[in-house]
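K.L.:
Per the UniProt record's numbering: the sequence shown = residues 1 to 204.
Quick reminder that beta carbons are idealized off the backbone N, C-alpha and C, glycines included.
Please read through the structure below; I'll follow up with questions.
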Amino acid sequence: MFFKEISKFPSVEDEIIEFLPFIEACKGIVKFVELLGSIFTPVRHDIQGNIEKLSKIHLSDETKFSTINAIIKFEVENSESQIGIDALLWLKRALEFVHVFLTCFVDDSKQETCSENLSPFFHKAYEEKLKPYHGWIVQKLFGWMVLAAPSRKSLLLLLAGGEESVENDAIFQEIETFLPGLGTNINVINKLYETNNLVFNHKV
C-alpha cells in the first residue's frame, strides 16, 4: 500500500525539524501527486523544485544545516538571500494542500458518504491553501486540474498498488497513520515563520 511504503514525516521535539527525514517524507508527497495523473505535473514539478532548492542549501554545509530551523535562522540573519525561506514557504503550502485533501478523503469515508467525485475535496484544499497566493492564470490552471482529478475508485486502486484485493479500510487506516506527522510538521513550520515575522502574501 502506498502510504505504508513512503516515509512518514518525522516526530518533532522542541519544535526542531530534522532536515533529512523531513525531505525524505516530502519526496513521498511528490510520489503521491504523481499518482494523481499527468494533469498534476505542474504541482509535482513545483514541489520537487522546492525540495531541490532546500537540498542544495543543506548540501552546502550538512552539519550547519542539519535542521530546517537552521536554514531559516541563517537566512533571517543574513537577509541577502531568502531562497530557503521562499522554497520552504511554497513547499509548506503544497503540504497543506495535500493535508486538507487527505483529511477530506478520510472524513468522507468515515461518514460513509464515499463520494466517487473527489473534485470538491481538491477544490476545498486549493481554495484554502493555495488560491490566495495565485494570480488569475494559475487559478484557471488549477481549476482544470481539479476537474480532471481521479475518482475515488481510481485513487483507491492506485493507493493499493493496483491490487483489487486490498481492503479500502486498510488504505484509509494507513492514511490516518500518515496524517498526524504531516500536520505536526506543517504546524511547526507555520510557527517558525510567525516567530520570525515571515509573512508573505504575494501572488504568482
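Since residue 95 contacts residue 182 with CB under 8 Å, what's their CB separation in whole angstroms?
P.N.:
On the sequence shown, position 95 is the one that residue 95 refers to. On the sequence shown, position 182 is the one that residue 182 refers to. Rounded, the Cβ-Cβ distance is 6 Å, consistent with contact.
K.L.:
Leaving out five residues on either side along the sequence, give the residues of the same chain with a beta carbon under 7 Å from the beta carbon of residue 69.
P.N.:
Taking the sequence shown and counting its residues from 1, one reaches residue 69 at position 69. Once the five neighbours on either side are set aside, the close Cβ partners of residue 69 are 16, 17 and 192.
K.L.:
Which value, in whole angstroms, describes the spacing of the CA atoms of residue 187 and residue 73?
P.N.:
The count along the sequence shown starts at 1 and reaches residue 187 at position 187. The count along the sequence shown starts at 1 and reaches residue 73 at position 73. Approximately 17 Å, taken between the alpha carbons.
K.L.:
Using DSSP's beta-bridge definition, name the partner residues of residue 18.
P.N.:
Looking up residue 18 in the sequence shown gives position 18. According to DSSP, which records beta bridges pairwise, residue 18 is partnered with 67.
K.L.:
Taking contact to mean at least 3 C-beta pairs separated by less than 8 Å, is the region 145-154 in contact with the region 30-40?
P.N.:
Segments in contact, yes.
K.L.:
Just the C-alpha distance for residue 63 and residue 75, rounded to the nearest angstrom, thanks.
P.N.:
Here residue 63 refers to the residue found at position 63 when the sequence shown is read from its first residue. Here residue 75 refers to the residue found at position 75 when the sequence shown is read from its first residue. For residue 63 and residue 75, the distance between alpha carbons rounds to 16 Å.
K.L.:
To the nearest angstrom, how far is the alpha carbon of residue 139 from that of residue 194?
P.N.:
On the sequence shown, position 139 is the one that residue 139 refers to. On the sequence shown, position 194 is the one that residue 194 refers to. Going by the C-alpha atoms only, they are around 26 Å apart.
K.L.:
For residue 160, I'd like the list of residues in its chain whose CB is within less than 7 Å of its CB, leaving aside the five on either flank, ordered along the chain.
P.N.:
Position 160 of the sequence shown, counted from the first residue, corresponds to residue 160. The residues are 1, 166 and 171.
K.L.:
Excluding the five sequence neighbours on either side, which residues of its own chain have a C-beta within less than 6 Å of the C-beta of residue 58, listed in chain order?
P.N.:
Numbered from 1 along the sequence shown, position 58 holds the residue referred to as residue 58. So the list reads 19 and 65, once near-sequence residues are dropped.
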